[in-house]
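Student:
Numbering (the numbering used here), first residue to last: 99 to 220.
1) Between 129, 121, 140 and 216, which has its C-alpha nearest residue 184's C-alpha?
2) Looking at the secondary structure, which residues open and close the alpha helix (DSSP H) in which residue 111 lies?
3) Does the structure place the stretch 172 to 189 close enough to the stretch 141 to 148 that three or more beta carbon pairs sit under 8 angstroms?
4) Let me know the alpha helix (DSSP H) ranges lying completely inside the stretch 123 to 164, each 4 residues or longer, listed in chain order.
5) Using 10 angstroms around the beta-carbon of residue 234, count the other beta-carbons present and answer buried if the total reaches 16, otherwise exposed.
6) Is the beta carbon of residue 197 closer than 8 angstroms to that of residue 106?
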């Protein structure tokens, strides 16, 4: 079963990291990603740009486009993983490994109901 692991953190805090601090965290995350890749379990991974680059489409009549994220929260969605796991416990183990590499914030783990990989964007 595929699971989405949604990465939440305080965007201002993460944005305040020096280039070296950011690279150190990304290097630790790459270790976890490589392990999952070797196991054939890692799907798409995305690191989102800051919420200041976001827009939200409110489903009203007529639809309304707003600058910024959908909701004001202390932690923002900064990225996600799609991982093939046996069950929720397995997915939580992956989230724990990611959390050990990237301290702070939270990981929301959800089963994926429909997955279409789409075309190659690169």
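Don't be surprised by glycine CBs; every beta carbon is placed ideally from N, CA and C.
Tutor: Taking the geometry as given:
1) 140
2) 109 to 113
3) yes
4) none
5) Given that the chain is displayed from residue 99 to residue 220, the structure contains no residue 234 and the question cannot be resolved.
6) no
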